[in-house]
Amino acid sequence: MAAVDFDIEYVPHDLRITFQATGLTDKALTVKVTDLNLDRVVFKPKSAGAVLLKPAADALAPLAAPIVKKKVIGMSSDVPLNKPIGTEITISGQTVSVRLGSPELGSHDGMLMVSGTAVVS
7 MAAVDFDIEY VPHDLRITFQ ATGLTDKALT VKVTDLNLDR VVFKPKSAGA
57 VLLKPAADAL APLAAPIVKK KVIGMSSDVP LNKPIGTEIT ISGQTVSVRL
107 GSPELGSHDG MLMVSGTAVV S
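Set out below in structure tokens:
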């Protein structure tokens, strides 16, 4: 049986996914996909079997981008954090830990802002 292989080309070629931060804990940042700039999908035959199926692939191609966008936009995921937000400072040989307690997400001038209370130990 001959292989039926297609290369897939995305239009535009420089795909961009836009995320929105929706939650934050000491262990993870939750993000949600809000946009994907996918306009079209093009199937390019890589084998003789694929050339025979190109008319069918061309008929399905206009449906592919909207289906992918519908599946991807709105997806949510947790991005694990290696450690809680904060830092350690050594002063005269003593380590002082400064952590962010009760982290809250916000924005300032269009940028992501994280705020909370400083917990010093």
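Residue 7 is where the sequence shown starts when you use this note's numbering, and the numbers rise one by one after that. Backbone N, C-alpha and C fix where the C-beta goes; we use that ideal spot for every residue, glycine too. Small disclaimer: the values here were computed from a predicted structure and weren't measured.
- Assignment of alpha helix (DSSP H) within the stretch 40-110, counting only whole runs of 4 or more residues, yields 54-78 in chain order.
- Thr96 is positioned such that its CB atom lies no closer than 9 Å to that of Val104.
- Between the alpha carbons of His19 and Gly122 lies a gap of roughly 40 Å.
- The Cβ atoms of Phe12 and Pro51 lie closer than 9 Å to each other.
- It is roughly 18 Å from the alpha-carbon of Ala70 to the alpha-carbon of Met81.
- Leu35 is not a Cβ neighbour of Arg22, given a cutoff of 9 Å.
- Across the structure, Leu87 and Val125 are spaced so that their CA atoms are roughly 18 Å apart.
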